[in-house]
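Residue numbering for the sequence shown follows the working numbering, starting at 1 and increasing by one per position.
Backbone N, C-alpha and C define an ideal beta-carbon position, used for all residues, glycine too.
What follows is a single structure, written as structure tokens, with notes after it.
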Amino acid sequence: MPHTRTTAEWQAADAAHFLHPFTDFKALAAKGSRIITKAEGIYLWDSDGHKIFDAMSGLWCVNVGYGQRALIDAATRQLETLPFYNAFFQTATPPAIALAEKIASLSPPGFEHVFFTGSGSEGNDTIVRMVRRYWDLLGQPERSVIISRQNAYHGSTMAGASLGGMPDMHTQGGLPIPGIVHIDQPYMVEHAKPGESRDDFGLRAASWLEAKILEVGADKVAAFIGEPIQGAGGVIIPPDTYWPEIQRICDKHGILLVSDEVICGFGRTGEWFGCERLGYKPDLITFAKGITSGYIPLGGVLVGERVARVLIDQGGDFNHGYTYSGHPVACAVALANLQLIEDLQLVERVRDETGPYLAKQYAALADHPLVGEAETCGLMAAIRLVKTKASGTQAAVPFGPEVSAGMACRGHCFANGLIMRAVGDRMIIAPPLVLTCEQIDEMMVLIRRCLDLTWTDLKGE
Ligand code: PXG
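Dropping the structure here:
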């Protein structure tokens, strides 16, 4: 689309007509949106011509970076051949079939079937209906409760937001829906006891699942759902002991384990799926975002054989699906995207090269006076901003609620051409997987500059 208007004109039209997601409409209308007009590689440009380093991959999704010709050509070819046909009424299109086959070939062993949706939220709605249907078919309809975690993000539909553990979402619209309960997140800063080791904390945090199962009654619990690493909650990386123990508890009680890989899937952690990196074997996997690198909306559920066999062999009709389940253009783009991830060896690069390099650079941030912890896993990372650093046995002191350190830092990032997200006092990144080590160096210069500017602002607080 030609950029025929000035920034002020775009902002005026935006304020007059466009209600943005997760936004205070009035405040944004008064301030004016930032208008992004083009992108290439890992960079964006705004309507005033500023170049911006996109350390968030759009919204955790542009894994192959912007401007990839293979994806653009795949979309164009498919639009010309068959822009749409549905997958209802005993029909299918070649891209949807080929993509289901491809995803099954990339997934951990035991996954052969894929259900397509238009987004991650729809994927998690599908999970709710599918796990309940599974237990119905096994003659245990009372097994309908799904256990999730505080501060999880699983989407914004009624079921997605209910599975999520964001209090600000639950206070609007009568959520959560019935049959969804939450346990605490495995976040040491909030929940560790003084002197507790990381491994011990991981086991204790997993034990909260067993306590909840016993409270609800194991014969009433259908599934547990979690993100391998909580993304929108602030890149909370659990201890290594956490997920294997969660797996053991689910197995012990026969409960389905669901891995929401909307962020962690397709290379983000240095494996194709986050569960492989964190050491567990789920029964179901939700995916979206990185499947098309965000070039076009697509999501879905990978269904492991335990559930698939029951749905297929005993299920009859599964009365669920979307107009865009298996959209041919989205599937064609996804196929080109996965091919590119393989050709560029992005998963291996994140695992062996850029992920370890980022980890080293983040470890070096420990000397900064604002940095409580700086942690990474593959190409996702978080810095916790603190008022006073830990010393000896003394824990770090966080900023009080009156100081918004994260917002202050985010403001400096905006002004310095870097997109880094603030979640409370956690500054988080998830850059495109095509990032090179030289570009990590370039990003670290920007991050340090923004931390220094934030420190200058806040050191008197
Ligand atoms: N699960 C996870 C783990 C997600 O991160 C969804 C499901 C929902 O996907 P859709 O495609 O319906 O948006 C997500 C989405 C943020 C932010 O502020 C994160 C997401 C979406 C919007 C904002 O970090 N993740």
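Query: Quick check: does the Cβ of residue 54 come within less than 8 angstroms of any heavy atom belonging to ligand 1?; Result: no
Query: Starting from the C-beta of residue 100, find all residues in its chain whose C-beta is less than 7 angstroms away, skip the five residues before and the five after it, and write them out in chain order.; Result: 114
Query: Cα separation between residue 142 and residue 223?; Result: 12 angstroms
Query: Any chance the CB of residue 156 is under 8 angstroms from a heavy atom of ligand 1?; Result: yes
Query: Secondary structure at residue 187, three-state DSSP: helix, strand or coil?; Result: coil
Query: Just to confirm the assignment, what range does the beta strand (DSSP E) spanning residue 272 have?; Result: It is not in any beta strand (DSSP E) - residue 272 carries neither H nor E in the DSSP assignment.
Query: Residues in its own chain within less than 6 angstroms of residue 289 by CB, not counting five upstream and five downstream?; Result: 60, 61 and 262
Query: Kindly confirm or deny that the segment 242 to 257 and the segment 268 to 281 touch, where touching means at least three C-beta pairs closer than 8 angstroms.; Result: yes
Query: Below 7 angstroms CB to CB, which residues in the same chain sit around residue 260 once its five sequence neighbours on both sides are set aside?; Result: 124, 154, 225, 226, 227 and 286
Query: How should residue 91 be labelled, buried or exposed, when 16 other C-beta atoms within 10 angstroms of its C-beta is the threshold for buried?; Result: exposed
Query: For residue 69, verify whether its CB is less than 8 angstroms away from any heavy atom of ligand 1.; Result: no
Query: By DSSP, does residue 122 sit in helix, in strand, or in coil?; Result: helix
Query: Is the Cβ-Cβ distance between residue 346 and residue 381 less than 9 angstroms?; Result: no
Query: What three-state label does DSSP hand residue 62 in the structure shown?; Result: coil
Query: Let me make sure I understand the geometry here. Which of 209, 232, 348 and 29 has the alpha-carbon closest to that of residue 145?; Result: 209
Query: List the whole-angstrom C-beta distance separating residue 34 from residue 24, where the pair is believed to meet the contact cut-off of C-beta under 8 angstroms.; Result: Going by Cβ atoms, the distance from residue 34 to residue 24 rounds to 15 angstroms, so no, they are not a contact pair.
Query: Indicate, with yes or no, if ligand 1 has a heavy atom lying under 8 angstroms from the CB of residue 59.; Result: yes
Query: Just the Cα atoms here: how many angstroms apart are residue 29 and residue 8?; Result: 12 angstroms
Query: When the distance is taken between beta carbons, is residue 352 closer than 9 angstroms to residue 270?; Result: yes
Query: Return the Cβ separation of residue 370 and residue 454 in integer angstroms, given the expectation that the two are a contact with Cβ distance under 8 angstroms.; Result: 6 angstroms
Query: In terms of alpha-carbon separation, which member of 64, 174, 396 and 441 lies closest to residue 425?; Result: 396
Query: So residue 107 and residue 302 are in contact, right, with Cβ under 8 angstroms, and what is the actual spacing, rounded?; Result: 5 angstroms
Query: Hey, quick one: how far does the alpha helix (DSSP H) through residue 359 stretch, first residue to last?; Result: 355 to 363
Query: Helix, strand or coil for residue 451 per DSSP?; Result: helix
Query: Run through DSSP, which three-state label would residue 414 get?; Result: helix
Query: May I have a chain-ordered list of the alpha helix (DSSP H) segments no shorter than 4 residues that lie completely inside the segment 230 to 301?; Result: 242 to 253 and 274 to 278
Query: Contact between the segment 382 to 393 and the segment 14 to 21: three or more CB pairs below 8 angstroms?; Result: no
Query: Buried or exposed: which applies to residue 349, given that a residue is buried once 16 or more other Cβ atoms fall within 10 Å of its Cβ?; Result: buried
Query: Going by DSSP, which residues form a beta bridge with residue 40?; Result: 43
Query: With DSSP as the reference, please indicate the residues paired to residue 467 in a beta bridge.; Result: Outside the displayed span of the chain (1 to 461) sits residue 467, for which this structure offers no information.
Query: Once you ignore the five residues that flank residue 326 on each side, which residues in its own chain have a CB closer than 6 angstroms to its CB?; Result: 87, 96 and 116
Query: Mind checking residue 79: buried by the 16 CB within 10 Å criterion, or exposed?; Result: exposed
Query: Between the C-alpha atoms of residue 54 and residue 430, what's the straight-line distance to the nearest angstrom?; Result: 9 angstroms
Query: DSSP three-state call for residue 465: helix, strand or coil?; Result: Since the displayed the chain opens at 1 and closes at 461, residue 465 lies outside it and no answer follows.
Query: Taking the C-alpha atoms as reference points, what is the distance between residue 31 and residue 403?; Result: 21 angstroms
Query: For residue 372, which of helix, strand or coil comes out of DSSP?; Result: strand
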